[in-house]
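Residue numbering for the sequence shown follows our numbering, starting at 26 and increasing by one per position.
Right, one structure below, let's go through it.
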Amino acid sequence: MRNNQPITTKEKTFSAATKLISVTDTQGNIVECNDAFVDVSGFEKHELIGQPHNTVRHPEMPAAAFEVMWSHLKAGKPWMGLVKNRCKNGDYYWVDAYVTPVTEKGKVVGYESVRSCPKREDVVRAEGLYARINAGKKTRSWPISFENSFLLCAILAAAFILALGFQAASEIALLASVIVYATMMSIKNNNTIAE
Ligand SMILES: Cc1cc2nc3c(=O)[nH]c(=O)nc-3n(C[C@H](O)[C@H](O)[C@H](O)COP(=O)(O)O)c2cc1C
26 MRNNQPITTK EKTFSAATKL ISVTDTQGNI VECNDAFVDV SGFEKHELIG QPHNTVRHPE
86 MPAAAFEVMW SHLKAGKPWM GLVKNRCKNG DYYWVDAYVT PVTEKGKVVG YESVRSCPKR
146 EDVVRAEGLY ARINAGKKTR SWPISFENSF LLCAILAAAF ILALGFQAAS EIALLASVIV
206 YATMMSIKNN NTIAE
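Here is the structure:
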């Protein structure tokens, strides 16, 4: 994960009519971009062409957002989402990105991103979501999630009860644990990034 520095707290904005466009090869290297993208990014065009797209990555963008984006693109599907990018001087700009595969004769030859100025309320929502994701990443110290730890303990407890000779109790404990686990997972999935 590339960590472009320095960063400032100064936001750069652009008009609602402006579209920031870039095209990449299948590896995510920039092969073309429009003047508006160059202008807002603060880079010279020759500093962008041929470079990986993470040249404009802002360190506060969670890796998970790009993982979801790439999984859509690799599956031949478009992806939409809010992205915070870093300008060359460290300032930032938010974009509402629509990224699609580019095909030639039915074969994917690259990807294109068309970015517009996002609504303020969407920026506020994305800021909150990305901050929560980043905070979760930093504070997690146990490698297994709480839900999976719970299931593991429940299976061990059921095995222990079975070993004591209480088969029915063991089966009931296991069934109850699976129901609790499924409920926790469905609550968790509702709180993560929508695909
Ligand atoms: C068409 C296209 C446009 C992209 N635009 C951006 C962008 O504006 N900002 C960005 O940080 N990453 C963008 N990416 C994603 C980057 O390729 C990369 O996955 C991301 O910056 C994370 O890189 P890293 O994990 O190596 O740091 C784009 C990818 C594609 C295919």
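In this text, a Cβ means the ideal position worked out from N, Cα and C, and glycines have one as well.
Could you check if T34 is buried or exposed, using at least 16 other CB atoms within 10 Å of its CB as the buried criterion?
It is exposed - the Cβ of T34 has fewer than 16 other Cβ atoms within 10 Å.
Checking the sheet assignment: what are the DSSP bridge partners for W104?
Answer is V124.
In angstroms with no decimal places, state the Cα-to-Cα distance between A13 and G106.
An answer regarding residue 13 cannot be provided, because it is not within the stretch 26 to 220 covered by the chain.
Specify whether the segment 46-54 and the segment 130-144 touch according to this definition: at least 3 beta carbon pairs, one from each stretch, less than 8 Å apart.
As far as the Cβ criterion goes, the segment 46-54 touches the segment 130-144, which means the pair count is three or higher.
Using the DSSP secondary-structure output, state which residues sit across from G75 in a beta bridge.
For G75, which the question treats as bridged, DSSP gives no partner whatsoever.
Would the beta-carbon of R157 be found less than 7 Å away from any heavy atom of ligand 1?
R157 Cβ: outside cutoff for every heavy atom of ligand 1.
Taking the C-alpha atoms as reference points, what is the distance between L45 and C142?
Between L45 and C142, the C-alpha separation is close to 9 Å.
If the criterion is Cβ atoms closer than 8 Å, does the pair V124 and M94 meet it?
Yes, the pair counts as a contact, with Cβ atoms nearer than the cut-off.
Assign E36 to one of three DSSP states: helix, strand, or coil.
E36: strand per DSSP, three-state reduction.
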